[in-house]
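Only one structure is covered here, and it is reproduced in the block below.
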Amino acid sequence: MNHEPAHWETTETHLPVPLPTAPLVPVQQPHLPDVQTIQLPDGRLITGYAIAPAKAPEPVPERPAINPLAVNIALGGLGFAAACGGLMLLTTFIAAVAALIQQLIILAAVIFGGFIAIQVLRTDNRRDKGGTVVNIRRAVFKRNNFRG
């Protein structure tokens, strides 16, 4: 590989363009307070700049930390989530009650059907079933006459 820089021949000449300059604004030097000298009660002299007492910051108007509209929206979302959970539990409860009622109906049908089957298939000598009862005893048949 050739690692030499490529040389380009151009016929155009590029001249530097001066940048626009902004007008200079004079900067004011901060005002220094006057030098003051104070004599202490023991006779010593202290010389220095006077310091203005610190101003108390202006009270900031109180405003709520949280926007009330945001609180209302958040509470509405929580209420909706709670209602959805409750509705889900309600539908589950209704489905369980419906299944219970269905099984109770089936149980009643089985018990009642068994009772009916027992009544129909039971042989009871005390009841008259509408037929003819014939008691067969020793009988003598003579000349096609039945004497019993």
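Taking this note's numbering, the leading residue of the sequence shown gets 1, the next gets one more, and so forth.
Just so it is clear, CB atoms sit at the ideal spot from N, CA and C, and this is done for glycine as well.
On a predicted model such as this, the values are computed, not experimentally measured, just so you know.
Inset, instruction - Just the C-alpha distance for V110 and A96, rounded to the nearest angstrom, thanks. - result: 21 Å
Inset, instruction - Could you name the residues that DSSP lists as bridge partners for L45? - result: Q39
Inset, instruction - For A95, decide whether its Cβ has a neighbour in chain C, counting only Cβ atoms nearer than 8 Å. - result: Considering every chain present, this structure includes no chain C. It has just one protein chain.
Legend entry - Contact the segment 19 to 36 vs the segment 46 to 57: 3+ CB pairs below 8 Å: yes
Legend entry - Alpha-carbon to alpha-carbon, T92 and G113: 32 Å
Inset, instruction - Could you have a look at T92 and say whether DSSP puts it in helix, strand or coil? - result: helix
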